[in-house]
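Residue numbering for the sequence shown follows the working numbering, beginning at 277 and increasing consecutively.
Yeah, the Cβ is synthetic: ideal placement off N, Cα and C, and Gly gets one too.
Predicted, not measured: the structure shown is a model, and the values here were computed from it.
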Amino acid sequence: PRLVAAGGKTYLAFARSLDVGQHDEKSWIVLAVDATPFKEAVSRMRALLFLATVLLLVLAVTAGTALALRVTRPLKQAIRLAGRIAEGDLQKRIDVSGHDEVAELGAALNQMSASLLDSRNEIEKKQSELLKLNQSLGETVEKLRELQEHLVEAERRAASGTLAARVAHEINNPLGVIKNYLTMLKSHCSAIQASAQETPAHVRHLQIIDEEIDRIARFVAQLLDAHRPDGSRLELTSVNKTVTDLLALMEPQLRQRDIQVRRELDPDLPRLLLHPDRMKQVLLNLMANAEHAMPDGGVMTIRTRREESDVFVEVSDTGKGISHERAPQIFDRYYTTREDGTGLGLPISREIVQGYGGDITVRSVEGEGAAFTVRLPRSPLVSTATAVPGREAVDDGP
């Protein structure tokens, strides 16, 4: 069949030859059909085919995109999770669904993150335990160091005490003999002194020798006292009462030296567990030092106060004060600027107070006076002096 145009129309023509007659003559039969309905049908088919093709392309793109998203979204989540893990964030997880390779990858990453988190927590726990052990070890080392220092100090004190006792023995024996003969000489000279109109020079010389022997004896006594353990018992002691008792003994002498005494005693001061005699020794040393610092008179002030869990006693004077150069040395043993001093009063006093867990400090302006402050904890840590075994601490009253 062929398309033939004729008369402004298109026809679908079919032709076929026929043999007729005996002289090989041929005849043709032509069948022409209007092609317009066929062309319209073909156009419709082409349009439908085009629409079907477009629809198939859209469906293919949509399905491909959905499939790609289904595959790439978990992969992107896995990549982000790997980045978080690399940054140290082990709390993040991804949603895992399905049973394909991507789901298996996500599950493996989640498991790895959880395992790393457990490992890190375990490491942090071990680090914390190690830190505590290090701190405990440091405290133990510090305690051992303090114990070693105490042992060394105890050995030094024991050796020093033995030496002091030997020196005191070697000094006291000849000193006693000298004292006895001096007493005999003084008795022998008493008759001469009674008959003479004035005191002979040799009698005055004997008096000077007697005073110097007494000073040596006092020094030896203080030397022994510095190394002798205290056998007295602990008692609840009123610091205010101790101050008042000492001032009652010293005030007549202070008035003679034109020294005025001011008292500022806290009435609510608690009583402390102390050795009363030792506490009197400490305060007496401080008051005596204040007295000697004011040879031309002045003002001695005694203050007591309580701050939190500590009790403070301050002894101040208006004397010549302590120079900046001397201040670091005043608590050294045997350091003194007085001709009749031994240099043991302040060191022994400070050791006594430190034995209760306290301390003695000083502040001074040269030419204006000095102030010594005794700090005593309300619950003292008694180390250098302890109560006599088997005896209870007693209350001495307010």
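Cβ-Cβ distances below 6 Å link Ser293 to Lys302 and Trp304 in the same chain, with the five nearest sequence neighbours on each side left out; the list follows chain order. About 5 Å separates the CB atoms of Arg369 and Asn386; that is less than 8 Å, so the two are in contact. If the five residues before and after Arg651 are omitted, its C-beta is found closer than 7 Å to the C-beta atoms of Asp586, Phe588, Gly634 and Asp635, all from its own chain and listed in chain order. The C-beta of His481 has fewer than 16 other C-beta atoms within 10 Å across all chains shown, which makes the residue exposed. For Arg639, the enclosing beta strand (DSSP E) begins and ends at Asp635 to Val641.
The beta strand (DSSP E) runs of length 3 or more contained entirely in the region 581-632 are, from start to end of the chain, 586-593. Leaving aside the five residues that flank Arg626 on each side, the residues in its chain whose CB is nearer than 6 Å to its CB run, in chain order, Phe607 and Ile636. Leaving aside the five residues that flank Phe326 on each side, none in its chain has a CB nearer than 8 Å to its CB. Taking a C-beta distance under 8 Å as the contact criterion, Thr513 and Asp542 do not qualify as a contact pair. For Ala646, the enclosing beta strand (DSSP E) starts and ends at Gly645 to Pro653. Assigned with DSSP and collapsed to three states, Ser293 falls in strand. A buried status is given to Thr518, since no fewer than 16 other beta-carbon atoms sit within 10 Å of its beta-carbon. Cβ atoms of Thr577 and Arg538 come within 8 Å of each other, at about 4 Å. Take the alpha-carbon of Asn410 and the one of Lys402: they are about 12 Å apart. A straight line joining the alpha-carbon of Leu279 with that of Arg322 spans about 19 Å. According to DSSP, Ile535 shares a beta bridge with Gly574. If the five residues before and after Tyr287 are omitted, its C-beta is found closer than 8 Å to the C-beta atoms of Leu279, Val280, Ala281, Ala308, Val309, Asp310 and Ala311, all from its own chain and listed in chain order.
By DSSP's assignment, Lys408 forms no beta bridge with any residue. For Lys401, the three-state secondary structure derived from DSSP is helix.
For Arg278, the enclosing beta strand (DSSP E) begins and ends at Arg278 to Ala282. Residue environment analysis places Gly340 among the exposed positions, since fewer than 16 neighbouring C-beta atoms fall within 10 angstroms of its C-beta. Judged by beta-carbon spacing, Phe648 lies beyond the 8 Å limit of Val575, meaning their Cβ atoms are not closer than that value.
Assigned with DSSP and collapsed to three states, Arg369 falls in coil, not helix or strand.
Among the bridge pairs identified by DSSP, Asp376 is matched with none. Distance from the CA of Leu562 to the CA of Leu530, rounded to the nearest whole angstrom, comes to 14 Å.
Beta-bridge partners assigned by DSSP to Val306: Ala291. Straight-line spacing of the CA atoms in Ala362 and Asp376 works out to 25 Å. Only buried fits Tyr632, as 16 or more other CB atoms lie within 10 angstroms of its CB. Spatial neighbours of Ser319 in its own chain (CB-CB distance under 8 Å, excluding positions within 5 residues in sequence) are not present.
Residue pairing for Arg579: DSSP places it in a beta bridge opposite Glu540 and Glu590.
Between the alpha carbons of Ile485 and Val496 lies a distance of about 17 Å.
Gly597 is not a Cβ neighbour of Arg533, given a cutoff of 8 Å. Rounded to whole angstroms, the separation of the alpha carbons of Ser463 and Gly645 is 45 Å.
The DSSP-derived three-state label of Leu385 is helix.
Under the three-state reduction of DSSP, Leu545 is assigned to coil, being neither helix nor strand.
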